[in-house]
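Undergrad:
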Amino acid sequence: MSAVLQPLFWRLANEQNSDLDIVSVLMPRGPEEEKVAIEYAIDVSFKPSTQHQSPIDLRWSEADGELFMSLLRNVMDVGDDHIELDIEDSMIQGLINLVATARFHTPWPGDELEGEDFPTYRKELDIGDFISINTIYGFYSAVIVALDSIDATVVLLDDIISPDTVDAPEEHQEVIIPSHNLIMLNRVCVLPAEFAEDMEATHLH
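Take a look at the structure:
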């Protein structure tokens, strides 16, 4: 029996003086008929296809829940019962941020990022796996959020830094692609997590 999440919702609200929607997560509290919910803001925004004045609430899709559970199983020991979430836990918030990025962002094509293929050991890929991507700038930590027979869609967990500035003080580094961007690239560029220099849970925060 698969673990079941308590009902969760996304709230999409127009950011003042902009054409962006900001995303927050709603967690119902108490009997459903009371329609009481706690709202937590997360660091995800996007440009909607249509503008709206009032907030829009969307129930998590099956894909949202499956991705979240895959991520959760990779960072915590969870059973097969109903899952009660501590939404104030920074790790849980980090995982929800990844799910929101996968749900609401459009992937950037990563063709120009892809590093040269080389013979090495590989493992079976699955959604929710924490991995490294092989780029022309080096290896960077990421997490798989979608897969098909050719491509993997990943959320970056590191900033991709220009090699010319990688040894400079942080304020002088040139960030080519910031962390938490959604990128689609060929599956051959996906390698085990240890190829990236840093693969720590702190990347989720």
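Residues in the sequence shown are numbered from 1 upward in steps of one, following the working numbering. C-beta: ideal position from N, C-alpha, C; glycine also. Computed from a prediction, not measured in an experiment: that's the story for all the values here.
Short check: CB of N134 to CB of L182, under 8 angstroms?
TA: Not in contact: N134 and L182 (Cβ atoms no closer than 8 angstroms).
Undergrad: Could you tell me which of Q93, S162, S18, T165 sits nearest to A41, measuring between CA atoms?
TA: The residue with the shortest Cα to Cα distance from A41 is Q93.
Undergrad: Can you give me the C-alpha to C-alpha distance between E116 and E62, rounded to a whole angstrom?
TA: In a straight line, the C-alpha of E116 is about 36 angstroms away from that of E62.
Undergrad: When you compare the region 42 to 53 with the region 63 to 75, are there three or more beta-carbon pairs, one atom per stretch, that lie closer than 8 angstroms?
TA: Output reads no: the region 63 to 75 does not touch the region 42 to 53.
Undergrad: Within 10 angstroms of the Cβ of H105, are there 16 or more other Cβ atoms? Answer buried if so, exposed if not.
TA: By the 10 Å Cβ count, H105 comes out buried.
Undergrad: Identify every residue that forms a DSSP beta bridge with F192.
TA: Looking at the sequence provided, one finds Pro at residue 192 rather than Phe. DSSP output for P192 lists I131 as bridge partner(s).
Undergrad: Is it the case that the Cβ atoms of I96 and V145 are separated by a distance below 8 angstroms?
TA: No, they are not a contact pair.
Undergrad: By a C-beta neighbour count over all protein chains shown, 10 Å radius and 16 as the cutoff for buried, is T120 buried or exposed?
TA: Exposed is the call here.
Undergrad: Which of the three DSSP states, helix, strand or coil, is assigned to L156?
TA: Strand, per DSSP.
Undergrad: Based on Cα-Cα distance, which residue from N14, D43, R59, L185 lies nearest to L113?
TA: Considering only alpha carbons, the answer is L185.
Undergrad: Below 8 angstroms CB to CB, which residues in the same chain sit around T165 once its five sequence neighbours on both sides are set aside?
TA: Correct list, in chain order: H172, Q173, E174.
Undergrad: Can you tell me whether DSSP reads S24 as helix, strand or coil?
TA: It is a strand residue.
Undergrad: Suppose you measure from the CA of M153 to the CA of K123; what does that come to, to the nearest Å?
TA: The question names Met, yet the displayed sequence has Thr at residue 153. Distance between the alpha carbons of T153 and K123: 17 angstroms.
Undergrad: Quick one, which of D167, V23, D126, L58 has its alpha-carbon nearest E100's?
TA: Strictly speaking, residue 100 in this sequence is Ala, with Glu absent from that position. The residue with the shortest Cα to Cα distance from A100 is V23.
Undergrad: Within its chain, find whatever has a CB closer than 7 angstroms to the CB of G208; leave out the 5 residues flanking it on each side and keep chain order.
TA: With the chain running from 1 to 205 in the structure shown, residue 208 is simply not present.
Undergrad: Any idea if M69 is buried or exposed, counting beta-carbon neighbours within 10 angstroms, 16 or more meaning buried?
TA: By the 10 Å Cβ count, M69 comes out buried.
Undergrad: Which residue from P7, E88, D159, L98 puts its Cα closest to that of D57?
TA: When only C-alpha atoms are compared, the closest one is P7.
Undergrad: Is it right to say R103 is buried, meaning 16 or more other beta carbons lie within 10 angstroms of its own, or is it exposed?
TA: Burial call: buried.
Undergrad: Cβ of L20 within 8 angstroms of Cβ of S45?
TA: Yes, the pair counts as a contact, with Cβ atoms nearer than the cut-off.
Undergrad: Quick check: V143 and I161, are their CB atoms within less than 8 angstroms of each other?
TA: No; because the gap between Cβ atoms is not below 8 angstroms, this pair is not in contact.
Undergrad: Please go through the same chain and pick out, in chain order, the residues whose beta-carbon is closer than 8 angstroms to the beta-carbon of A37, but skip the five residues on each side of it.
TA: Excluding sequence neighbours, A37 sits near F9, L26, M27, P28, R29.
Undergrad: Return the Cβ separation of L125 and R187 in integer angstroms, given the expectation that the two are a contact with Cβ distance under 8 angstroms.
TA: Confirmed, Cβ separation roughly 7 angstroms.
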